[in-house]
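503 is the number that my numbering gives to position 4 of the sequence shown; each next residue is one higher, with no gaps. Working notes, beginning with the structure itself.
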Amino acid sequence: MPKILIVEDDPFLLKMYAKKLQVEGFEVEIAKDGEEGLAKFKSFLPDLVLLDVMLPKLNGLEVIERVKADPETQSIPILVLSNLSATADTETAVKKGAVGYLIKSNYTPSQVIDKVKGFLK
């Protein structure tokens, strides 16, 4: 069963995505801020991470930098899921090592799950 880590500070979105992924057969771990997310990269060793950019304590771009600098976690794919739609944010996330960047308002939860499945193939 593929393992997904969701790092999101919005409790509603966190719960919704966790539930949808569990229904689809994924093992899910959650984190509510960047520091907790960073710790769970190592303890949970997910197959893929859904990461928000605007997070308390440590933002998503900083999380990507640290994960990609650590040999133990650098190969874990990170899919950014954010409301920030600026091209510069998208490019920065991808340059730092994210495999993709989804703008929350442009995708239904089911479409996000389909993207997750696509990245795990």
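All C-beta atoms in this analysis are idealised placements derived from N, C-alpha and C, irrespective of residue type, glycine included. Just so you know, these numbers come straight off a predicted model, no measurement behind them.
Throw me the rounded Cβ distance for the residue i and residue j pair, which I believe falls under 8 angstroms.
i: Ser513; j: Ile529; result: Note that residue 513 is Leu in the sequence shown here, rather than Ser. Indeed they touch by this definition, with Cβ atoms about 6 angstroms apart.
To the nearest angstrom, how far is it from the Cα of residue i to the Cα of residue j?
i: Leu580; j: Gly536; result: 14 angstroms
i: Lys556; j: Val527; result: 22 angstroms
Do residue j and residue i have their beta-carbon atoms positioned less than 8 angstroms apart in this structure?
i: Thr589; j: Tyr606; result: no
i: Lys614; j: Leu578; result: yes
i: Lys502; j: Phe543; result: yes
i: Asp508; j: Asp569; result: no
Please classify residue i as buried or exposed, where buried requires at least 16 neighbouring CB atoms within 10 angstroms.
i: Phe511; result: exposed
i: Ala538; result: exposed
i: Val566; result: buried
Once you ignore the five residues that flank residue i on each side, which residues in its own chain have a CB closer than 7 angstroms to its CB?
i: Pro608; result: Met515, Tyr516, Lys519
i: Val593; result: Tyr600
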